[in-house]
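For this note's numbering, add 93 to where a residue sits in the sequence shown, where the first one is 1. Scroll down for the structure; my scribbles are underneath it.
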Amino acid sequence: MNNYIWLGNNRKQIHVRAKTGSGGVGILIKKEQLKVVKVTIENDLEDGILWVKFTDMKNSSNVFYVCVIYLPPQFSARSVNAHNFFEVLMEQIYSIPKGNSFYLCGDFNSRLGNYTDFIQGIDQLSERNITDFTVNSYGEIFSEFLSTVNCCVLNGRYPTHDDFIYVSTKGLTVVDYCVVPYDSLCHYKNFEVIRAIVLCNKSDRLGSFGPSHIPDHSVL
């Protein structure tokens with residue numbers, strides 16, 4: 094894409110039936126941001142996890158981390174041990190120097206349903222507005238992970254702009270999330286989920302996207 098740079102973490106474990114590369118995770122960054130911040134890959138050792146570090150060029154102590162996530166579906170050919178996946182992610186979060194901000198975003202393939210992302214009666218957070226009431230086993234593990242690392246999802250906390258994430262003929266689900274520390278939640282003033290078809294309809298190339306070419310995941 095013009096005016097963007099791409100940083101990625103290609104999957105290292107290539108599936109035996111894969112004819113080409115086996116995907117991975119990545120992030121697009123506007124080139125204009127490179128005028129004010131130094132952007133480096135902080136950690137790409139684990140498949141499905143990419144940490145990118147943003148350092149203020151005028152103040153090197155001002156650092157922000159972004160983590161891009163992809164946890165394969167539970168019963169897919171690429172499924173992994175979800176407990177191990179979240180344990181690795183937890184260790185990486187704990188390695189972030191105290192005082193530095195971060196957020197995680199991506200496809201966790203976890204359906205939280207009415208599982209909480211904080212400990213009720215102890216943590217003082219607003220309740221989520223639930224869009225997808227169905228849960229799966231990853232959702233339970235994800236919920237425990239969030240409470241352990243003192244993080245919460247932005248999904249559902251801005252209900253007027255909330256929606257399903259996965260939209261297809263197979264159904265409607267919420268599996269993609271933005272995750273932030275509890276003490277950073279107050280800094281996020283807006284969060285919106287936009288279906289891909291809505292973006293296509295707003296595009297200056299209206300009519301050039303056939304139904305089969307429209308992504309089934311919404312934009313967060």
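Every residue, glycine too, gets a C-beta built ideally from N, C-alpha and C. Since we're looking at a predicted model, the values are computed, not measured.
Could you work out which residue in Tyr97, Val159, Asp137 is closest to Phe147 when comparing CA atoms only? Within the sequence shown, numbered from 1, the residue matching residue 147 stands at position 54. Cα-wise, what sits closest to Phe147 is Val159.
- Query: Sorted by chain position, which residues of the same chain lie with C-beta nearer than 8 Å to Tyr275's C-beta, five sequence neighbours on each side aside?
  - Reply: On the sequence shown, residue 275 is found 182 positions in, with the first residue counted as 1. Within the same chain, Tyr275 has close Cβ partners Phe211, Asp216, Leu218, Asn243, Cys244, Cys245.
Have a look at Gly141 and Lys151 and give me their C-alpha separation to the nearest angstrom. The residue you call residue 141 lines up with position 48 of the sequence shown. The residue you call residue 151 lines up with position 58 of the sequence shown. Going from the Cα of Gly141 to the Cα of Lys151 covers about 32 Å.
Could you round the C-beta distance between Ile258 and Val286 to whole angstroms and report it? I think they count as a contact, below 8 Å. Within the sequence shown, residue 258 is the residue found at index 165, counting from 1. Within the sequence shown, residue 286 is the residue found at index 193, counting from 1. Contact holds; Cβ gap of about 7 Å.
* Ser311 and Arg288 look like a contact to me (Cβ under 8 Å); what is the Cβ gap, rounded to whole Å? -> For the purposes of this step, residue 311 is identified with residue 218 of the sequence shown, where counting begins at 1. For the purposes of this step, residue 288 is identified with residue 195 of the sequence shown, where counting begins at 1. With 8 Å as the limit, Ser311 and Arg288 qualify as a contact, their Cβ atoms being about 5 Å apart.
- Query: Is the beta carbon of Trp100 sitting closer than 9 Å to the one on Val132?
  - Reply: The count along the sequence shown starts at 1 and reaches residue 100 at position 7. The count along the sequence shown starts at 1 and reaches residue 132 at position 39. The sequence given here places Leu at residue 100; Trp does not occur at that position. Yes, they are a contact pair.
Is the separation between the beta-carbon of Arg250 and that of Asp225 shorter than 9 Å? The count along the sequence shown starts at 1 and reaches residue 250 at position 157. The count along the sequence shown starts at 1 and reaches residue 225 at position 132. Result no, Cβ atoms of Arg250 and Asp225 do not sit closer than 9 Å.
- With 16 other Cβ atoms within 10 Å as the buried cut-off, status of Ala170: Working through the sequence shown from its first residue, we reach residue 170 at position 77. Per the 10 Å Cβ criterion, exposed.
Worksheet item: Asn103 by DSSP, collapsed to three states: which one?
Response: Here residue 103 corresponds to residue number 10 of the sequence shown, with the count starting at 1. Asn103: strand per DSSP, three-state reduction.
Going by other Cβ atoms of all chains shown within 10 Å of its Cβ, with 16 needed for buried, is Gly232 buried or exposed?
Translated into positions along the sequence shown, residue 232 becomes position 139. It counts as buried.
As a quick exercise: from Ile98, Leu143, Glu139, Gly117, pick the residue whose alpha carbon is nearest that of Glu125.
The sequence position of residue 125 within the sequence shown is 32, counting from 1. Closest option to Glu125, Cα to Cα, is Ile98.
- Message: Which residues does DSSP list as the beta-bridge partners of Cys271?
- Response: Taking the sequence shown and counting its residues from 1, one reaches residue 271 at position 178. Cys271 is bridged to Cys198.
Where are the beta strand (DSSP E) runs, 3 residues long or more, that stay fully inside the segment 137-193, in chain order? 142-149, 156-163
**Request:** Please work out which residues of its chain come closer than 7 Å, Cβ to Cβ, to Val273, disregarding the five sequence neighbours upstream and downstream, and give them in chain order.
**Result:** Counted from its first residue, the sequence shown places residue 273 at position 180. Contacts found: Tyr196, Cys244, Cys245, Leu247, Tyr281.
- Look at the Cβ atom of Leu314, then the Cβ atom of Met94, and state whether they are nearer than 9 Å. Any answer about residue 314 is impossible in this case: the structure gives the chain only from 94 up to 313.
*asked:* I need the boundaries of the alpha helix (DSSP H) containing Thr241, first residue and last residue.
replied: Taking the first residue of the sequence shown as position 1, residue 241 is located at position 148. Here the alpha helix (DSSP H) through Thr241 covers 230-241.
CB-CB length for Tyr270 against Phe201, believed under 8 Å: Position 177 of the sequence shown, counted from the start, is the residue given in the question as residue 270. Position 108 of the sequence shown, counted from the start, is the residue given in the question as residue 201. Indeed they touch by this definition, with Cβ atoms about 6 Å apart.
Q) CA-CA distance, Asn102 and Asn229? A) For the purposes of this step, residue 102 is identified with residue 9 of the sequence shown, where counting begins at 1. For the purposes of this step, residue 229 is identified with residue 136 of the sequence shown, where counting begins at 1. If you take the alpha carbons of Asn102 and Asn229, they lie about 27 Å apart.
Using CA atoms only, rank isn't needed, just tell me which of Asn174, Glu220, Trp144, Val173 is closest to Ile189. Here residue 189 refers to the residue found at position 96 of the sequence shown. Of the candidates Asn174, Glu220, Trp144, Val173, the one whose C-alpha sits nearest the C-alpha of Ile189 is Trp144.
- Query: To the nearest angstrom, how far is it from the Cα of Gly264 to the Cα of Asp256?
  - Reply: Looking up residue 264 in the sequence shown gives position 171. Looking up residue 256 in the sequence shown gives position 163. Near 13 Å, if we compare the C-alpha coordinates of Asp256 and Gly264.
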